[in-house]
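There are 4 protein chains.
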Amino acid sequence: MYSGEFERIGKRLFAEHLVGGNFGNMSVKTGDGFFIKRTGTYLDIATEPVFVPLSGDAPKEASSEYRVHREVYTKTNHTAIVHAHPPYAVAASLVMDVIIPKDSEGEMLCPRIPVVTGAPGTQEIAGNVARALITSKLVIARGHGTFAACATLDEAYLYTSLAEHSCRVLALKRNFL
Amino acid sequence: MYSGEFERIGKRLFAEHLVGGNFGNMSVKTGDGFFIKRTGTYLDIATEPVFVPLSGDAPKEASSEYRVHREVYTKTNHTAIVHAHPPYAVAASLVMDVIIPKDSEGEMLCPRIPVVTGAPGTQEIAGNVARALITSKLVIARGHGTFAACATLDEAYLYTSLAEHSCRVLALKRNFL
Amino acid sequence: MYSGEFERIGKRLFAEHLVGGNFGNMSVKTGDGFFIKRTGTYLDIATEPVFVPLSGDAPKEASSEYRVHREVYTKTNHTAIVHAHPPYAVAASLVMDVIIPKDSEGEMLCPRIPVVTGAPGTQEIAGNVARALITSKLVIARGHGTFAACATLDEAYLYTSLAEHSCRVLALKRNFL
Amino acid sequence: MYSGEFERIGKRLFAEHLVGGNFGNMSVKTGDGFFIKRTGTYLDIATEPVFVPLSGDAPKEASSEYRVHREVYTKTNHTAIVHAHPPYAVAASLVMDVIIPKDSEGEMLCPRIPVVTGAPGTQEIAGNVARALITSKLVIARGHGTFAACATLDEAYLYTSLAEHSCRVLALKRNFL
């Protein structure tokens with residue numbers, strides 16, 4: 325029942341070049357679990373998401389990144405997550421431990437974007453991302469991508485778009501110095 | 325009755341990456357007020373704009389940036405405004421007080437793009453933007469985004485597109501020096 | 325009768341960000357004149373082009389750049405022209421007098437891209453562009469944009485796309501040195 | 325019968341700016357030959373591919389790059405190939421002999437991207453590309469473009485997208501140092 329919503333947000337993520345290929349994923353919390361993108365599918369094409377319970381085994385069709393989503397829903401009050409690979413944000417995360425936006429929207433909505441470490445798919449990254457998202461709506465996993473956790477997919481997409489905008493402005497600023 | 329027009333221009337702004345997420349807004353003057361984007365909506369999806377009178381309370385559904393639009397319509401003769409967040413223009417505005425295009429369209433249509441200050445949503449930025457737009461069709465609010473004020477939405481979109489083109493060319497020029 | 329063809333090529337030019345706003349134009353030679361974009365219209369939206377004779381007055385609906393097109397059709401054997409504003413190519417033209425591509429397609433198809441001068445809309449730029457296009461399918465008007473003159477609109481679009489690709493590769497190469 | 329599949333993947337390649345104009349091509353192995361894009365057609369528009377046998381003459385409608393595809397299918401076990409011209413990857417290949425991604429997906433899926441030489445359309449480049457693809461799913465022909473060889477077109481598109489993402493992150497990283 326979420327496939328239309330996932331596709332709608334996925335198309336926006338693709339149109340803004342925040343994700344490519346079959347990378348990226350998203351989920352929505354519901355009851356004692358969450359619906360997440362199926363592994364190997366495209367975010368911008370309607371596919372029925374798969375349900376993952378907050379504890380116990382996850383269905384093998386679930387995105388390999390389900391551990392991060394589960395840990396975030398367990399440790400925080402967020403109810404929707406968008407994970408993307410925006411290139412400026414990923415590049416910035418290779419160099420900085422925390423990103424301080426200079427554009428006005430970044431300054432208002434995410435004045436300090438934390439960068440955490442951990443290999444994709446591991447419990448380590450899941451713990452680090454979830455810990456950062458207790459006090460933030462946005463975190464970047466170093467060299468990997470953004471995790472935005474919010475009340476809705478629309479809000480999580482907004483923070484993803486903003487993360488890339490803020491990092492792009494930081495990078496482009498150099499061209500005018 | 326403006327929702328189709330707003331959507332048409334909004335889709336062009338998105339396609340050129342002049343705005344992302346639910347950022348940006350636009351308005352059209354009519355009689356003693358103006359129709360402006362509803363707060364929180366997407367510029368590229370048809371939504372009925374909301375009417376804001378030139379004086380008195382604004383409906384709470386109006387874009388939080390309505391003060392800038394009101395001040396511009398009060399102080400100038402422009403009848404349409406497009407506000408966007410083009411990344412090269414925003415980056416340039418962090419560094420320069422006035423932007424001097426080197427491309428031929430910029431030289432012809434906006435040879436001096438003023439940069440003004442003020443926090444988004446405040447009366448200060450509204451005053452500064454409006455003052456600049458008395459003698460210009462284009463201004464950049466530092467670190468925030470462009471305001472193009474013209475006779476029509478199409479013209480305001482054109483100046484927005486041009487602002488980014490001129491700033492992009494200025495930035496890319498460095499790559500060939 | 326050319327509106328569909330113009331729209332088809334125009335949409336490709338927009339999708340590749342080779343032109344924005346209502347900038348750019350194109351034409352096709354036919355008999356003793358040519359059909360060219362109407363002034364002020366969008367290249368990516370079907371609009372009936374206007375006929376301009378090779379000599380005598382041009383209709384006022386014709387693109388203001390009609391002088392360049394007329395001079396090219398008078399001085400060369402090309403039968404289709406695409407004029408666009410690709411940002412890397414425009415930026416490169418501000419710095420270099422001739423552009424030497426390093427990518428294999430550029431080396432094969434346009435190993436020396438000439439850069440000419442002249443203000444948009446003048447007879448000076450028309451003469452300079454036409455002269456360059458006697459021995460080339462591609463020229464860049466400094467700070468203004470590309471003119472690709474070929475047998476068909478598809479071919480002229482291809483050279484426009486290639487000009488930007490070659491200039492982009494030249495610029496990005498610096499990032500890896 | 326492959327035209328729909330080719331168009332579907334082609335549209336994704338265009339949307340991510342991995343190819344422009346009528347550049348790029350793709351093929352799928354079947355029996356003792358392969359179906360490849362027709363020369364001069366657009367990757368993002370449905371056109372019936374043409375069959376090329378593994379030995380003997382190729383039909384003249386076949387993409388001029390058929391020699392590379394034939395050599396890859398002869399020397400390796402891959403069954404689908406995507407060739408594109410992603411600008412960051414092409415630029416990187418002009419400077420480096422092997423590309424070492426720093427983003428997590430690049431590190432996992434293509435930790436060493438080989439760069440090979442040879443003029444487009446020649447047997448030399450065909451041999452070099454095929455040799456590299458014996459032990460890799462991805463190779464960049466210097467100054468020319470990527471060749472991704474996999475089990476399916478979707479997978480080959482994924483590696484193409486990843487090649488550009490990894491090279492883009494490498495380049496953008498410099499902006500934050």
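Protein chains in written order, with the working numbering: chain B, 325 to 501; chain X, 325 to 501; chain R, 325 to 501; chain H, 325 to 501.
The beta-carbon is built from N, C-alpha and C at its ideal position, and this holds for glycine as well.
What you are looking at is a predicted structure, and each value in this text was computed from that prediction instead of being measured.
Residue 420 of chain B reaches chain H at 500, counting residues in chain order whose Cβ is nearer than 7 Å. With a 10 Å radius around the Cβ and a threshold of 16 neighbouring Cβ atoms, residue 364 of chain B comes out exposed. Taking C-alpha positions only, residue 476 of chain H is separated from residue 325 of chain B by approximately 29 Å. Per the C-alpha coordinates, the member of H/404, H/430, H/499 positioned closest to residue 454 of chain H is H/404.
In the DSSP assignment, residue 375 of chain B is bridged to B/359.
Listed along the chain, the chain B residues whose CB falls inside 8 Å of the CB of residue 468 of chain X are 427, 428, 429.
Beta-carbon to beta-carbon, residue 431 of chain R and residue 425 of chain R are separated by about 6 Å, close enough to satisfy the 8 Å threshold.
Close partners of residue 409 of chain B in chain H (Cβ separation under 8 Å): 427, 429, 489. When secondary structure is reduced to three states using DSSP, residue 487 of chain X falls in the helix class. Think of a sphere of 7 Å around the beta carbon of residue 482 of chain R: the chain H residues whose beta carbon falls inside it are 345, 346, in chain order. Residue 341 of chain X is positioned such that its CB atom lies no closer than 8 Å to that of residue 409 of chain R. In this structure the stretch 414-428 of chain R does not touch the stretch 365-373 of chain R; the number of beta carbon pairs closer than 8 Å is below three. With contacts defined as CB atoms closer than 8 Å, residue 377 of chain X and residue 357 of chain X qualify as a contacting pair.
When rounded, the separation of the alpha-carbon atoms in residue 492 of chain B and residue 495 of chain H is 13 Å. Just so you know, the alpha carbons of residue 338 of chain R and residue 355 of chain B end up roughly 45 Å apart. In the DSSP assignment, residue 353 of chain B falls within the unbroken beta strand (DSSP E) covering 349-354.
Judged by DSSP secondary structure, residue 337 of chain X falls within the alpha helix (DSSP H) whose first and last residues are 327-339. If you look at residue 433 of chain B, you'll find it in the alpha helix (DSSP H) that goes 428-433.
Residues of the same chain with a CB within less than 6 Å of the CB of residue 347 of chain H, apart from the 5 flanking positions on each side, are 409 in chain order. Of all residues in the stretch 449-479 of chain X, only 478 come within less than 8 Å of chain R when Cβ atoms are compared, listed by chain position. Taking CB atoms only, residue 493 of chain H has a neighbour in chain B less than 8 Å away. When CB distances to chain B are screened at a threshold of 8 Å, not a single residue of the stretch 374-402 of chain H falls below it.
Residue 449 of chain X has its alpha-carbon roughly 44 Å from the corresponding atom of residue 414 of chain H. Each residue's CA atom was taken as its position, placing residue 462 of chain X and residue 462 of chain H some 46 Å apart. In the displayed model, residue 468 of chain H falls within coil according to three-state DSSP, outside both helix and strand. In this chain, residue 454 of chain X is not harboured by any beta strand (DSSP E); it is covered by the alpha helix (DSSP H) spanning 447-456. If you compare the alpha carbons of B/336, B/483, B/471 with that of residue 392 of chain B, the shortest gap goes to B/471.
When rounded, the separation of the alpha-carbon atoms in residue 400 of chain H and residue 433 of chain B is 51 Å. Interface criterion met: the Cβ of residue 444 of chain R is under 8 Å from a Cβ in chain X. A Cβ-Cβ contact shorter than 8 Å links residue 336 of chain B with residue 481 of chain B. One Cα belongs to residue 334 of chain B, the other to residue 445 of chain B, and the distance between them is close to 21 Å. For residue 340 of chain R, the chain H residues whose Cβ falls inside 9 Å of its Cβ are 338, 341, 344, 345, in order along the chain. R/451 is the residue among R/435, R/436, R/451 whose C-alpha sits nearest the C-alpha of residue 442 of chain R. Each residue's CA atom was taken as its position, placing residue 398 of chain X and residue 423 of chain X some 26 Å apart. By the neighbour-count definition (other C-beta atoms within 10 Å, threshold 16), residue 411 of chain R is a buried residue.
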